[in-house]
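Down below is the structure, laid out as structure tokens.
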Amino acid sequence: MNKRIIIFDTTLRDGEQVPGAKLDCRQKLIIARQLVRLGVDVIEAGFPASSPGDREAVTRIAKEIKGPIITGLARAVKSDIDALWQAVRHAKRPRIHIVLGASDIHVHEKLNINRDQCLKMGVEAVRYAKSLTYDVEYSTEDASRSDFDYLCRVIETVIKAGATVINIPDTVGYAIPDEFGRLIRRIRKRVPAAAKVGLSVHCHNDLGLATINTLTAVKNGVDQVEVTVNGIGERAGNAALEEVAAILNTRTDYYKSCTNINLREITPTSRLVSRLMNIPVQPNKAIVGGNAFCHSSGIHQDGILKSRANYEIIAPEAVGVQRHSFVLTARSGKHAVRHRLQELGFELPEQQFRDLHRRFLQLADERKQVSDDDLLMLVNS
Ligand SMILES: [Zn+2]
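Residue numbers (our numbering): 19 to 399.
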């Protein structure tokens, strides 16, 4: 029996921290709707204490998006937790996610307090969050560089205070797969109460190990993984959702795990996020790169023609790659134009759509064919 791994998507929080990737409320909602189609279990919609705009976006997502758990980030202070709760309380399944440093560097240098004071701060934050809602996630920031005994003391104490999910982040992308897997195993052994709550990881890609660290944690018994579409996020980014989901799906024999991700939605989601956040995907990126399914050498092309299994371990269609690109012409009709716009992430009000369609026809007459880029230009002009 395969274990179902909870996919916690933080594209709209960690991913949005990428310089230049800031989204407005409407764009965040478009991505959140696509995340539902993709089948994520948890959406971290933002960091409400950071700005009124983000608070508004998280509130709208909590009100309008049905299905996944909706959460957002809060530091371990009352004002952050209040701002987050005001936004996510509208969701059918809200979660408060608290983050507080666990490593000595963070405790001493960033927070400027000692370990006991830090632990007290974390426990008070969890207790306060718990007075507002049942589901409270606690992130032991910089866990991979923390003192093991202190880390376990924190985990044990916040579980007692009511935390329902414990996240073990490799905040700075420092961990090595074997070592990170061992850390998860040791925590499980040292803190028996961890078996009663969800155990989660959040890996960064500073040394290019975010995906393998995440998977090694899965192999060692975590229940939830925090990932982003296209692996975007602070600095070198986070573990890529599409990689983790595709690997668990392709190598079920090894990981004995599965997810609720609808793989066919992976490519449309990747394109949508890339476009709305203005972050191109590198061509050789696993699963979602433009060349991920291109076979260029003669030997490979010959092999593919004989049997796809020679050089393909995933069928491109399985992750939503369309073999034929979509081209619109003057004869495409309003319905096709509207449909393509929706696939690109735009739902225009009727009047705006009619105006766009008029300009579309002019362009189609001039150019014969209208590409996605042309269509986007029309939307933005
Ligand atoms: Zn992060």
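By construction, the Cβ of each residue, glycine as well, lies at the ideal position given by its N, Cα and C atoms.
Close Cβ partners of residue i (< 6 Å) along its chain, the five nearest in sequence each way excluded
| i | result |
| --- | --- |
| alanine 109 | Ala80 and Ile88 |
| histidine 177 | With the sequence shown as reference, residue 177 is identified as isoleucine, and histidine is not the correct amino acid for it. Excluding positions up to five away in sequence, the list reads Ala211 and Val215. |
| arginine 145 | Ala179 |
| valine 58 | Ile25, Asp27 and Pro86 |
| histidine 115 | Thr89, Leu91 and Glu155 |
| alanine 94 | Ile116, Leu118, Met139, Gly140 and Ala143 |
Exposure label - residue i; buried when at least 16 CB within 10 Å
| i | result |
| --- | --- |
| histidine 342 | Because histidine 342 carries a pLDDT of 47, less than 50, the predicted location of this residue cannot be relied on, and no value is offered for it. |
| serine 218 | buried |
| glutamate 155 | buried |
| methionine 395 | exposed |
| proline 112 | buried |
| histidine 222 | buried |
| valine 345 | exposed |
| methionine 19 | exposed |
| glycine 33 | buried |
| alanine 181 | buried |
| leucine 290 | buried |
| asparagine 185 | buried |
| leucine 323 | exposed |
| glycine 140 | buried |
| glycine 351 | exposed |
| phenylalanine 166 | exposed |
| alanine 333 | exposed |
| glycine 316 | exposed |
| serine 399 | exposed |
Contact set for residue i: own chain, Cβ-Cβ below 8 Å, skip 5 residues either direction
| i | result |
| --- | --- |
| glycine 85 | Val54 |
| arginine 107 | Ala80, Leu150 and Thr151 |
| threonine 28 | Glu62, His220, Glu244, Val245, Thr246, Gly251 and Asn256 |
| tyrosine 192 | Ser162, Arg163, Asp224 and Leu225 |
| aspartate 160 | Gly119, Ala120, Ser121, Ile123, His124, Pro187, Thr189 and Val190 |
| leucine 381 | Val388, Asp392 and Leu396 |
| serine 292 | Asn248, Pro298 and Val299 |
| leucine 281 | Ala263, Ala264, Asn267, Ala336, Val337 and Gly338 |
heavy atom of ligand 1 below 7 Å from residue i C-beta
| i | result |
| --- | --- |
| aspartate 153 | no |
| glycine 251 | yes |
| histidine 421 | Only positions 19 to 399 of the chain appear in this structure, which leaves residue 421 out of reach. |
| threonine 189 | yes |
| asparagine 256 | yes |
| aspartate 160 | no |
| glutamine 224 | The displayed chain sequence assigns aspartate, not glutamine, to residue 224. No; taking the cut-off as 7 Å, the Cβ of aspartate 224 has no heavy atom of ligand 1 nearer than that. |
| aspartate 27 | no |
| aspartate 32 | yes |
Residues near residue i by beta carbon distance below 7 Å, same chain, minus five either side
| i | result |
| --- | --- |
| valine 339 | Thr285 and Phe311 |
| isoleucine 305 | Glu260, Glu261, Ala264, Ile284 and Val337 |
| arginine 78 | Cys43 and Leu47 |
| asparagine 238 | Gly199, Ile202 and Arg203 |
| proline 195 | Leu227, Ile230, Asn231 and Thr234 |
| glycine 307 | Val299, Gln300 and Pro301 |
| glycine 38 | Asn296 |
| serine 68 | none |
Host beta strand (DSSP E) of residue i (start-end)
| i | result |
| --- | --- |
| tyrosine 146 | Note, tyrosine 146: premise wrong, no beta strand (DSSP E); alpha helix (DSSP H) at 133-150. |
| asparagine 130 | Unbroken run through asparagine 130: none, as it is neither H nor E. |
| arginine 401 | This structure does not reach residue 401, given that the chain is present from 19 up to 399, and the question cannot be answered. |
| alanine 75 | That residue, alanine 75, is in no beta strand (DSSP E); its alpha helix (DSSP H) goes 70-82. |
| proline 187 | 183-188 |
| glycine 90 | 87-93 |
| valine 240 | From DSSP, valine 240 is part of no beta strand (DSSP E); its letter is neither H nor E. |
| tyrosine 156 | 154-159 |
| glutamate 368 | That residue, glutamate 368, is in no beta strand (DSSP E); its alpha helix (DSSP H) goes 368-385. |
| histidine 220 | 216-221 |
| isoleucine 317 | Careful: isoleucine 317 lies outside any beta strand (DSSP E), inside the alpha helix (DSSP H) at 316-324. |
| valine 176 | From DSSP, valine 176 is part of no beta strand (DSSP E) but of the alpha helix (DSSP H) over 166-179. |
| isoleucine 61 | 60-62 |
Limits of the unbroken alpha helix (DSSP H) element including residue i
| i | result |
| --- | --- |
| leucine 294 | 284-295 |
| glutamate 361 | 351-361 |
| phenylalanine 26 | First-last for phenylalanine 26: 24-27, but that is the beta strand (DSSP E), not the alpha helix (DSSP H). |
| tyrosine 273 | 270-273 |
| glutamine 300 | Premise fails: glutamine 300 is in no alpha helix (DSSP H) and is neither H nor E. |
| threonine 99 | Inspection of the sequence shows that residue 99 is occupied by isoleucine rather than by threonine. Run containing isoleucine 99: 96-106, per the alpha helix (DSSP H) assignment. |
| isoleucine 205 | 195-208 |
| isoleucine 49 | 43-56 |
| asparagine 398 | 390-398 |
Proximity test, Cβ basis, 8 Å: residue i and chain B
| i | result |
| --- | --- |
| threonine 268 | No chain B is part of this structure, which consists of one protein chain only. |
Proximity test, residue i beta-carbon vs ligand 3 heavy atom, cut-off 7 Å
| i | result |
| --- | --- |
| aspartate 134 | For the structure depicted, ligand 3 is absent and the ligand set comprises only ligand 1. |
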